[in-house]
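Residues in the sequence shown are numbered consecutively from 5, following our numbering. Written below as structure tokens is the structure these notes are about.
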Amino acid sequence: MKGRRITFELLELYDWQGVERRLERQAAKGWRLEKIVSPFWYYRRAKPAQVRYAVTYLPNVGEATPRPDPEAQALDAVCTAAGWEKICDWNGMQIFSNEQPNPLPLETDERLRLQAIHQTLKRQWMGLMVLLAVLLFLLLLFCWGGQASGPTQYIWRAMLCCGVLYPVSELGLYGLWYLRARRAVERGEKCPSNHALTLISNGFCAAVIALFVLFLVVTLLEGPPGSGGRVVYMLLYMLGYMAIVWCISRLRIELRERGFSAAANWGLVILLAFVLFFVLQMLLTQFALYA
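Right, here's the structure in full:
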């Protein structure tokens, strides 16, 4: 798509400073954010400019909250009056831009900023991280049985361990940052940066990807004849999983824009996810039989 770009972003929901800096760098290169369908960020081509971005939070406005939302509309009106243009929202995070050189700040009370971030994370993020950790831990227990018989099994187990550590590290690192930030605002200081914690947590994602690539390479080099089919199966599985994530994210946004309630939105999204995973598994099973 000429004039359009889609990027895969691993920015954290609570890394408001990282989001602002990222978007300002992209605007300086001539790319303006249009929307977020997590984890994909959509940009459009524009004239390079020095654009200021600001992030604030509405804990009660999540991805499944029906639109238009009165609370979000009230915030948009206040920000528009101050010269800020609403760009999009992401799981409670509200993103605004301003092309003036020294615009009025959106957030002036660091205590309220921290409170809004924490309430948003509690409502929109923590429960999902706990659920992900439990599911991956159960998968690890299921796959750990028996003695490892080769390097591929050791790599597979290491990959699952990193997968379990990812949500655990996310929760732990956020907890450490929150305690540090709370002490800072109690002393009257500004909310500290949390971008370094984002980089650490993203390291677990990089480790899982590296181990997955190593798993495929070792399978090809040391596996028995026909191992190529197993590699293709794993690649198709990962591509299918990413396609499902994109589909359910798109559905969630479409339903909220049409005014569906949050309960109906989540119900339809979960139903679609089960159906798509079932179809993916059936297709890959057929592929394994005939490959």
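A virtual CB, placed ideally from N, CA and C, is assigned to each residue, including glycine. As the structure is a computational prediction, the values presented were derived from the model and not from experiment.
Residue from the options whose Cα sits closest to the Cα of residue i
| i | options | result |
| --- | --- | --- |
| Ala-76 | Leu-183, Tyr-61 and Glu-114 | Tyr-61 |
| Tyr-241 | Leu-169, Leu-180 and Gln-290 | Gln-290 |
| Phe-44 | Gln-54, Ile-10, Leu-164 and Leu-37 | Ile-10 |
| Gly-244 | Gln-285, Ser-265, Leu-220 and Thr-112 | Gln-285 |
| Leu-272 | Val-283, Leu-288 and Ser-253 | Ser-253 |
| Ser-42 | Arg-256, Ala-85 and Trp-88 | Arg-256 |
| Ala-266 | Phe-12, Gly-66 and Asp-113 | Gly-66 |
| Asn-198 | Glu-13, Pro-70, Gln-30 and Trp-20 | Trp-20 |
| Leu-259 | Glu-13, Ala-31 and Pro-72 | Pro-72 |
| Leu-218 | Thr-202, Leu-239, Ala-200 and Leu-201 | Leu-239 |
| Leu-17 | Ala-200, Ile-121 and Leu-177 | Ile-121 |
| Asn-95 | Pro-63, Ala-81 and Pro-74 | Pro-63 |
| Tyr-237 | Ala-214, Ala-277, Leu-287 and Glu-193 | Leu-287 |
| Gln-157 | Leu-215, Val-279, Glu-24 and Leu-37 | Leu-215 |
| Arg-29 | Tyr-46, Tyr-57 and Glu-13 | Tyr-57 |
| Arg-184 | Ser-173, Pro-196, Gly-192 and Gly-176 | Pro-196 |
| Gln-123 | Asp-80, Tyr-178, Glu-13 and Arg-187 | Tyr-178 |
| Glu-193 | Ile-213, Glu-261, Leu-118 and Ala-162 | Leu-118 |
| Val-212 | Phe-12, Ala-162, Ala-200 and Val-82 | Ala-162 |
Nearest-angstrom beta carbon gap, residue j and residue i [assumed within contact, 8 Å]
| i | j | result |
| --- | --- | --- |
| Ala-68 | Trp-250 | The Cβ separation is near 17 Å, so there is no contact. |
| Leu-140 | Gly-167 | 5 Å |
| Pro-155 | Val-222 | 5 Å |
| Val-189 | Glu-114 | 5 Å |
| Tyr-47 | Trp-35 | 4 Å |
| Ile-248 | Ala-277 | 7 Å |
Rounded straight-line distance, which links the Cα of residue j to that of residue i
| i | j | result |
| --- | --- | --- |
| Lys-39 | Trp-181 | 27 Å |
| Gly-22 | Leu-293 | 47 Å |
| Thr-296 | Val-59 | Residue 296 cannot be examined here, being either before or after the span of the chain that is shown, 5 to 295. |
| Glu-111 | Phe-282 | 46 Å |
| Ile-99 | Arg-234 | 43 Å |
| Gly-263 | Cys-92 | 17 Å |
| Ile-204 | Met-246 | 23 Å |
| Leu-15 | Leu-224 | 33 Å |
| Arg-26 | Leu-275 | 35 Å |
| Trp-160 | Phe-146 | 12 Å |
| Asn-102 | Ala-31 | 11 Å |
| Thr-202 | Pro-70 | 29 Å |
| Ala-137 | Leu-169 | 8 Å |
| Gly-7 | Lys-51 | 11 Å |
| Leu-220 | Leu-164 | 15 Å |
| Arg-187 | Gly-176 | 17 Å |
| Glu-174 | Glu-24 | 20 Å |
| Leu-280 | Lys-33 | 38 Å |
| Lys-126 | Leu-144 | 26 Å |
| Asp-80 | Glu-13 | 25 Å |
| Val-82 | Pro-74 | 13 Å |
| Leu-135 | Leu-37 | 30 Å |
Chain D contact for residue i (CB, 8 Å cutoff)
| i | result |
| --- | --- |
| Ala-76 | No chain D is part of this structure, which consists of one protein chain only. |
Exercise. Quick one: any contact between the region 127 to 134 and the region 204 to 224, if contact means 3 or more CB pairs under 8 Å?
Worked result: No, the region 127 to 134 is not in contact with the region 204 to 224.
Problem set entry | Every unbroken alpha helix (DSSP H) within the region 90 to 173, with a cutoff of 4 residues, ordered by chain | Look at the region 90 to 173 and you find these whole runs of alpha helix (DSSP H), each 4 residues long or longer: 114 to 128 and 130 to 148.
For this session: Jot down the residue ranges of each uninterrupted alpha helix (DSSP H) in the region 16 to 75, minimum 4 residues, whole runs only, in chain order.
Result: Fully enclosed alpha helix (DSSP H) runs of 4 or longer: 20 to 32.
For this session: Check whether the region 107 to 123 touches the region 83 to 97, taking contact to mean three or more Cβ pairs, one atom from each stretch, closer than 8 Å.
Result: yes
Problem set entry | alpha helix (DSSP H) runs wholly inside the region 226 to 272, at least 4 long, in chain order | 231 to 261
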